[in-house]
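Student: I'd like to ask some things about the structure below.
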Amino acid sequence: MAPQYETGGMGGMPGLTISDIHSLKRNEALEILAQISRVEKKTFPTNEAFPFGEDLWRKKPNTRVLYAIRAKGSQSDLIAYAVYVRQKGIALLHKVCVTEPNRRQGVGQEVLSYIQQRLRKEGCQYIQLWVDQAREPARALYLRIGFEEREVIPDYYAPGRTGIKMVLDLQA
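Note that numbering that gives the first Met the number 0 gives residue 75 to position 76 of the sequence shown, counting from 1, and the numbers run on in steps of one.
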């Protein structure tokens, strides 16, 4: 059974479970990756869509793919996912996505809280990410959690799309 983080109780979200695809058997991991890939293609422009293939499941020691599901009766629905890469004391958060019908319900905050707890236990000192300046809900979430905007680069994503580097100090 995969190690899981259930968020119900203590202010968490009942029925929400966060897991790591690397703890799944191959077929289970490929099914989750296929679900993630479908959401990714609907959510992000083609040039920004992350390739969620089998190679992500193979034991890449620094790369982690986390996913959140919510139980509905005997069925579980994928509602969020995240990808980060550890490089010594820094984690580079590449992707956080909450499915459209589950946004603005605290799911992103739960996923990011889980990532923070996990990285602190692993001795990580900082989480770093880049976010499109126009993605106001994402920026607001990161600021609420404690990320600080550190750098602004015009045309980072494409002409007219500014990127903002944000950093969260896990030791603070």
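Where a beta carbon is used, it is the ideal one built from N, C-alpha and C, also for glycine.
Starting from Q162, follow its DSSP beta bridges and name the residues at the other end.
Tutor: Looking up residue 162 in the sequence shown gives position 163. The question names Gln, yet the displayed sequence has Gly at residue 162. Bridge partners of G162: D131 and I152.
Student: Which residue spans inside the segment 13-93 form an unbroken beta strand (DSSP E) run of at least 3?
Tutor: 15-19, 62-71 and 74-86
Student: What is the C-beta distance between Y66 and Y83, in whole angstroms, given that I count them as a contact (C-beta under 8 Å)?
Tutor: If you number the sequence shown from 1, residue 66 lands on position 67. If you number the sequence shown from 1, residue 83 lands on position 84. 13 Å between Cβ atoms; not a contact.
Student: Quick check: the Cα distance between V106 and P158, rounded to an integer number of angstroms?
Tutor: On the sequence shown, residue 106 is found 107 positions in, with the first residue counted as 1. On the sequence shown, residue 158 is found 159 positions in, with the first residue counted as 1. Rounded to the nearest angstrom, the two C-alpha atoms are 31 Å apart.
Student: Hey, quick one: how far does the alpha helix (DSSP H) through L118 stretch, first residue to last?
Tutor: As a first step, residue 118 is located in the sequence shown; it is residue number 119 there, counting from the start. Residue range V106 to K120 is occupied by the alpha helix (DSSP H) that includes L118.
Student: What did DSSP end up calling H169 once you bin it into helix, strand or coil?
Tutor: Here residue 169 refers to the residue found at position 170 of the sequence shown. According to the sequence displayed, residue 169 carries Leu and not His. Three-state DSSP puts L169 in coil, outside helix and strand.
Student: If you check the beta carbons only, do M165 and L128 fall under 8 Å apart?
Tutor: Taking the sequence shown and counting its residues from 1, one reaches residue 165 at position 166. Taking the sequence shown and counting its residues from 1, one reaches residue 128 at position 129. Closer than 8 Å, so yes.
Student: Report the rounded CA-to-CA distance for D131 versus Y155, giving the unit in angstroms.
Tutor: One-based indexing of the sequence shown puts residue 131 at position 132. One-based indexing of the sequence shown puts residue 155 at position 156. C-alpha of D131 to C-alpha of Y155: approximately 8 Å in a straight line.
Student: Hey, how far is the Cα of G8 from the Cα of G14?
Tutor: The residue given as residue 8 occupies position 9 in the sequence shown. The residue given as residue 14 occupies position 15 in the sequence shown. Its pLDDT being 36, under 50, G8 is placed unreliably by the model, and the measurement read from it follows with that caveat. G8 and G14: Cα-Cα distance of roughly 10 Å.
Student: When burial is assigned at 16 or more other CB atoms within 10 Å of the CB, is A28 buried or exposed?
Tutor: For this step, residue 28 is matched to residue 29 along the sequence shown. A28 is buried by the Cβ-count criterion.
Student: State the Cα-Cα distance for the pair G52 and L77, rounded to the nearest angstrom.
Tutor: Here the question's residue 52 lines up with position 53 in the sequence shown. Here the question's residue 77 lines up with position 78 in the sequence shown. Distance between the alpha carbons of G52 and L77 is about 17 Å.
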